[in-house]
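Scroll down for the structure; my scribbles are underneath it.
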Amino acid sequence: MKKILTLFIASIVVISMAAQSGPEDYARTSVAKGSWYKSAPESGIYGIDLEGAKRLVKDRKIKKRPIVALIGNGIDAEHEALKESLWFNPKEKPDGIDNDNNGYIDDINGWNFIGSKDGTTMDYTTKEGIREWLRLKDKYGDLIFDGEKFFKYVNGKREYLTTPVDKKEYKYFYDLLLSNEAPVGRTYAGYVTAFMLKEYVEKWDKEITERFSNKQKCEISLDDFKKFMTEKNIENDSLQSIAYSFSYLYGSMVKGYMKDKTVDSTWNMIYRNFANKQIQFSLKNFQTEFNTTAIDNRATIVGDNPNDINDFKYGNNSLLTSASMSGTMNSGIIAGRDVNNSGFSGIFPEAKVMTLVTNAVNGEPYVKDLALAIKYAVSNSADIILLPYQLSFIPADKMDWIYEAIGEAEKRGILVIVPVWEAGEDLAVKKYYPSRDSYKGKSFKNIMTVANSDSLGLPSQISNYGKEGLDTYAPGNLIYSTLPGDIYKIASSSTFGAIVAAGSAAFIKAYFPELSGADIRELLLKNCTDRSGLEVEKSIRQGEKIEKELFLFEQLCESAGILNLKKSVEAALKYKVKK
178 MKKILTLFIA SIVVISMAAQ SGPEDYARTS VAKGSWYKSA PESGIYGIDL EGAKRLVKDR
238 KIKKRPIVAL IGNGIDAEHE ALKESLWFNP KEKPDGIDND NNGYIDDING WNFIGSKDGT
298 TMDYTTKEGI REWLRLKDKY GDLIFDGEKF FKYVNGKREY LTTPVDKKEY KYFYDLLLSN
358 EAPVGRTYAG YVTAFMLKEY VEKWDKEITE RFSNKQKCEI SLDDFKKFMT EKNIENDSLQ
418 SIAYSFSYLY GSMVKGYMKD KTVDSTWNMI YRNFANKQIQ FSLKNFQTEF NTTAIDNRAT
478 IVGDNPNDIN DFKYGNNSLL TSASMSGTMN SGIIAGRDVN NSGFSGIFPE AKVMTLVTNA
538 VNGEPYVKDL ALAIKYAVSN SADIILLPYQ LSFIPADKMD WIYEAIGEAE KRGILVIVPV
598 WEAGEDLAVK KYYPSRDSYK GKSFKNIMTV ANSDSLGLPS QISNYGKEGL DTYAPGNLIY
658 STLPGDIYKI ASSSTFGAIV AAGSAAFIKA YFPELSGADI RELLLKNCTD RSGLEVEKSI
718 RQGEKIEKEL FLFEQLCESA GILNLKKSVE AALKYKVKK
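Quick note: to get this note's numbering, add 177 to the position in the sequence shown (first position is 1).
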């Protein structure tokens, strides 16, 4: 099964090879081209200066093989360039027994938190905002507030609640609808609103036909409807005002779609739509959105309670998943070994990679899986933890899970690196999690956020930005690395800058094991290739639009530069550990 999956993954990877070159020549050319991130900035290529860092420690011994926990995608653990760089659990044996009594059977190289006992892995996960909306849907999804009381529609009629409603939680639920975190919630709200629209248009129909008794219903115009509603003076009735706005907007849209623009919309068109069609139309919209975005097979595959952090004995030890391509590339950048004389190797092949699967091919990871993966890495002596990416929404109780786990990592001196999203967001305005911001009065000095830079020393055009939330840039595009099936390729990923940072941190930890994660973060940030004063163009999000704007580099991140391993090692040689 493993070989079949490997061949399947490999089959979707397209590799171009020049006809006039042999495989070895092509490989060497690709390695050289895709290893630019190791270059010295003085060459005009803004890499980390790996060779310069190596020269500084050539007379020093490696004091430990640091463990780098990659949380996110799977890995091809049998890849020729990786199998000697894997972390092996010293307390576990592949014998079907939980030898170390941690709840995970045969967790030899890591653990899969989205797998079943029979080895199956989830291919899709929903968004956290959708999961949170679904959790509260039955409690609040059908409720409407009329300004004084809550009601819902039962068999098309209003039924007022007789029991109190938690207004704070209701507002929290309602705010989810207004955000982009739960689109399915908006479609369901449209379905619920359709009942209210039906109620009002049926009520208005009796009144408006009496008001314009000299006209047939099909002759009552949109202007007549507007005049009628103006006479009713509904400004203080919020629900009726909403219903009117929807109805009038629909009438205006219908008029806009008419071939003959001289023909007006009529009240009859509005009435027929909202009295007879809108409920079924809205229900169909909701069902389509629900079936597309709100269903994953966690219950049948994993079988845990994703809202209970104490329910942790689930998953499997299968690390080769359909999402293993990126995880395999990440591992190669950090710790790949040259086994075919191509010249390829990662930043620090002596590092040991621990793989913790939390991410499916599509969707967002479950917060519980991320928290437990961090705890697993901490309890198994990881030195560096790399999270898949920041999340735009985490429920408050689950935020505790994440930061408690990161707090445990901080106590153990572990550096936690997080790639930022490529969404063009100003991190001073739009918050993503986890971040180094204070949480419940505590700031975390072991969290490091990273975005990509290119060979010209320019920042990623579309990454999130801002010195309040982004620590530094690191080389992160067009990098040569490993793919499942003993394959290699040049590729780009929004996470590669963070991966390069993790490999660099591992290099420093190997020679200076006394340094904590916070110490290493400080060294990496304070010893970057300085890009202060450089004006750069960047794509930023303004509402729903992406626009171009000029920034000074120091406005984009705290370090005002690009990660430089040589300078960081140089500083480490003089660094005094803080007590």
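Heads up, the beta-carbon is just placed ideally off N, CA and C, and yes, glycines get one too.
Note that the coordinates shown come from a computational prediction; the quantities given were computed from them, not determined experimentally.
| Check | Outcome |
| --- | --- |
| Sufficient close CB pairs (3 or more, under 8 Å) joining the segment 303 to 320 to the segment 554 to 574 | yes |
| Proximity to serine 356 [Cα-Cα], best of Asp319, Leu338, Lys392, Lys304 | Lys304 |
| Beta-carbon separation (whole angstroms), tyrosine 365 vs glycine 318, contact threshold 8 Å | 6 Å |
| Contact set for asparagine 474: own chain, Cβ-Cβ below 7 Å, skip 5 residues either direction | Met299 |
| Contact under 8 Å by Cβ, asparagine 494 with tryptophan 288 | yes |
| Spatially closest choice to lysine 622 from Asp614, Asn629, Ala628, by CA coordinates | Asp614 |
| Backbone secondary structure at methionine 757 - three-state DSSP | A query on residue 757 cannot be resolved here, the shown segment of the chain reaching from 178 to 756 and no further. |
| Arginine 312 and asparagine 468 closer than 8 Å at C-beta | no |
| Alpha-carbon spacing of serine 198 relative to alanine 548, whole angstroms | Interpretation of serine 198 is limited by its pLDDT of 42, a score under 50 that renders its predicted location unreliable; the figure taken from the coordinates is listed afterwards. The straight-line gap from Cα to Cα measures roughly 48 Å. |
| Rounded separation between threonine 470 and asparagine 539 - CA only | 10 Å |
| is_contact[glutamate 541, chain C] using C-beta, thresh 8 Å | Structure shown: chain C not included; a single protein chain is present. |
| Contact test: glycine 584 Cβ vs the ligand COA heavy atom, cutoff 7 Å | Annotation note on the ligand COA: not contained in the displayed structure, which lists no ligands. |
| Residue burial classification, methionine 506 (beta-carbon count within 10 angstroms, cutoff 16) | buried |
| Any 3 or more C-beta pairs closer than 8 Å across the segment 735 to 748 and the segment 697 to 717 | yes |
| Burial state of proline 565 (16 or more Cβ within 10 Å) | buried |
| Whole-number beta carbon distance between isoleucine 244 and alanine 559, since they are thought to touch under 8 Å | 5 Å |
| Coarse secondary structure for phenylalanine 290, derived from DSSP in three states | coil |
| In chain order, each beta strand (DSSP E) run of at least 3 residues that lies wholly inside the segment 246 to 312 | 287 to 289 |
| Selection from Phe290, Val234, Leu353 that minimises the alpha carbon distance to phenylalanine 684 | Val234 |
| Exposed unless 16 or more other CB atoms sit within 10 angstroms - verdict on proline 596 | buried |
| Distance CB(aspartate 253)-CB(glutamate 269) smaller than 8 Å | no |
| Distance, threonine 370 Cα to threonine 465 Cα | 17 Å |
| Contacts around serine 193, its chain only, beta-carbon distance under 8 Å, and the 5 residues preceding and following it disregarded | With a pLDDT of only 36 at serine 193, under 50, the local geometry of the prediction cannot be trusted, and the value read off the model is given with reservation. For serine 193, where only same-chain residues beyond five positions count, there are no Cβ hits under 8 Å. |
| The segment 510 to 523 in contact with the segment 203 to 215 per 3-pair CB rule at 8 Å | yes |
| Presumed contact (8 Å Cβ cut-off) between glycine 211 and tyrosine 657, rounded CB distance | 2 Å |
| Counted within 10 angstroms of its Cβ, other Cβ atoms place tyrosine 434 as buried (16 or more) or exposed | exposed |
| Nearest residue (CA-CA) to glutamate 714, options Glu721, Lys394, Asp401, Glu731 | Glu731 |
| Residues of its chain near lysine 404, where Cβ-Cβ distance is below 8 Å and the 5 sequence neighbours each way are ignored | none |
| Span separating the alpha-carbon of lysine 617 from that of leucine 733 | 26 Å |
| Exposed unless 16 or more other CB atoms sit within 10 angstroms - verdict on aspartate 481 | buried |
| Segment limits, beta strand (DSSP E) that includes glutamate 346 | Note, glutamate 346: premise wrong, no beta strand (DSSP E); alpha helix (DSSP H) at 344 to 355. |
| Reference leucine 635; option with closest CA among Leu353, Tyr368, Leu727 | Leu727 |
| Sufficient close CB pairs (3 or more, under 8 Å) joining the segment 599 to 610 to the segment 639 to 652 | yes |
| Identity of the residues DSSP links to isoleucine 717 by a beta bridge | Glu724 |
| Assigned exposure category for glutamine 455 - 16 Cβ within 10 Å defines buried | buried |
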